[in-house]
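Heads up, the thing below is written out as structure tokens.
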Amino acid sequence: MTGCLPRSVKKVIVPPIKCQGIKTKLVPFVMQNIRWGGRGRWIEPFLGSGVVAFNVGAKYARLNDINPYIIELYRGIYLGQIIPKQVGAYLEAEGAKLLKLGESHYYHVRERFNRTGDPLDFLFLSRACFNGLMRFNANGEFNVPFCRKPDRFRKPYITKIVNQVRALANLMQGKEWRFTVGDWRACLQDVEPEDFVYLDPPYIGRHTDYYQSWDDAEAEDLAKVAQSLPCGVALSMWKQNAFRSNLHLERNWSGYVVRTFKHFYHIGSTEDLRHPMEEALVIKPGYEVEEAELPRSLLDNQMSLLLVADD
Ligand SMILES: C[S@@+](CC[C@H](N)C(=O)[O-])C[C@H]1O[C@@H](n2cnc3c(N)ncnc32)[C@H](O)[C@@H]1O
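Every letter in the sequence shown is one number past the one before it in my numbering, and letter 272, counting from 1, is 522.
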């Protein structure tokens, strides 16, 4: 059955946009630790780049984010309104202008995106902005500066992005996926026992971004609502790094199974995001894979051996 977990992944499907907290490197870890029959919906209230949902590839899904641009792009691909050929033609045209005009063209596209919300401009910005960050100011405007590479959209890079869009379009064929924009609470209102809810909220108190504000009260509310759901639930959250450990987990998720994994974040503006981070996957009891069943590589934290190309 599509979407059935646990499953091992040899090559992770990489989405065409990047975002803070993207779980590309954690996909195999998530997919091998969760047990789910795949009959209901895979529900993600905090979709972000979508990398987890796309790799699970469930037949039925509800994919939600408060950021409308993420959802519009993916809904467009799902509905066949944004097709790989069109993405290639767009990036070739805009890439040529970027090469000719330099950073003024990047800022022209950014200004146009902030006026129109065009999904292809969103994709362009995600791939040409500094450090692959996705950040919006207090007025909800994309405000990341240029990566300073006017030749960003060379032929192989465009081909890579087009192939990522094509892989998604192919993957979405025949799937019954509902894309929604909104707060996580609305997304969790009609959950059924056979669904599985995967939660990956923003880091508490870390972001000042328009779409990433998240504080203790919000996190506690999510823990309460999630733990009252009639189905399987898993939450991704940092556990500890060299500087501190996450007390929220101990206080709000006791009784849940905790699996951990160390990795590095490469997208991040602050120094502590560049240190190794111990990530936790907190799973509702009964929906975890027994440790005895896990592959050695997972237990030894050797996930880097798996193929993850995430640029
Ligand atoms: C850590 S990211 C998710 C990353 C994703 N799992 C990935 O691998 O790319 C958190 C996401 O939650 C979204 N978000 C923030 N506040 C939200 C809210 N109140 N309701 C729904 N989504 C929200 C953000 O826009 C962001 O895309």
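No residue lacks a Cβ here, since even glycine has one placed at the ideal position from N, Cα and C.
Being a predicted model, the structure only gives us computed values, none of them experimental.
Run the proximity test for residue i: is its beta-carbon closer than 7 Å to any non-hydrogen atom belonging to ligand 1?
| i | result |
| --- | --- |
| Tyr461 | yes |
| Pro266 | no |
| Ser376 | no |
| Leu255 | no |
| Val306 | no |
| Leu297 | yes |
| Ile320 | yes |
| Lys275 | no |
| Gln270 | yes |
| Asn314 | yes |
| Val302 | yes |
| Trp434 | yes |
On the criterion of 16 or more Cβ atoms from any shown chain inside 10 Å, does residue i qualify as buried, or is it exposed?
| i | result |
| --- | --- |
| Tyr357 | exposed |
| Gln414 | buried |
| Lys405 | exposed |
| Pro480 | exposed |
| Phe493 | exposed |
| Thr409 | exposed |
| Pro266 | buried |
| Ala346 | exposed |
| Thr252 | exposed |
| Leu497 | exposed |
| Gly352 | exposed |
| Thr366 | exposed |
| Leu360 | For the record, residue 360 in the displayed sequence is Arg; it is not Leu. Its Cβ being crowded by 16 or more others within 10 Å, Arg360 is buried. |
| Ala467 | exposed |
Please tell me whether residue i and residue j are closer than 8 Å, where the distance is taken between their beta carbons.
| i | j | result |
| --- | --- | --- |
| Val396 | Phe380 | The sequence shown places Phe at residue 396, rather than the Val named in the question. Against a cut-off of 8 Å, the Cβ pair of Phe380 and Phe396 comes out as a contact. |
| Phe374 | Glu344 | yes |
| Leu449 | Leu418 | no |
| Tyr461 | Phe392 | no |
| Leu438 | Val475 | yes |
| Gly290 | Tyr319 | no |
| Pro526 | Asn491 | yes |
| Leu329 | Trp286 | no |
| Gly338 | Ile332 | no |
| Leu323 | Phe372 | yes |
| Ile321 | Arg377 | no |
| Val264 | Val302 | no |
| Arg435 | Asn283 | no |
| Tyr453 | Gly271 | yes |
Would you please verify whether the beta carbon of residue i is less than 8 Å from any beta carbon of chain B?
| i | result |
| --- | --- |
| Ile293 | Structure shown: chain B not included; a single protein chain is present. |
By how many angstroms is the C-alpha of residue j removed from the C-alpha of residue i?
| i | j | result |
| --- | --- | --- |
| Asp561 | Leu297 | The predicted position of Asp561 is uncertain, since its pLDDT is 47 and thus under 50; a value taken from the coordinates is nonetheless stated next. C-alpha separation (whole angstroms): 19 Å. |
| Tyr341 | Val280 | Correcting the residue identity first, residue 341 is Leu in this sequence and not Tyr. About 33 Å. |
| Gly192 | Trp464 | Beyond the ends of the chain as shown, which are 251 and 561, falls residue 192; an answer cannot be given. |
| Leu472 | Val483 | 12 Å |
| Val532 | Tyr506 | 6 Å |
| Pro545 | Lys260 | 13 Å |
| Ser223 | Ser354 | Shown here, the chain extends from 251 to 561; a query on residue 223 therefore has no answer. |
| Gly382 | Val394 | 9 Å |
| His513 | Glu528 | 6 Å |
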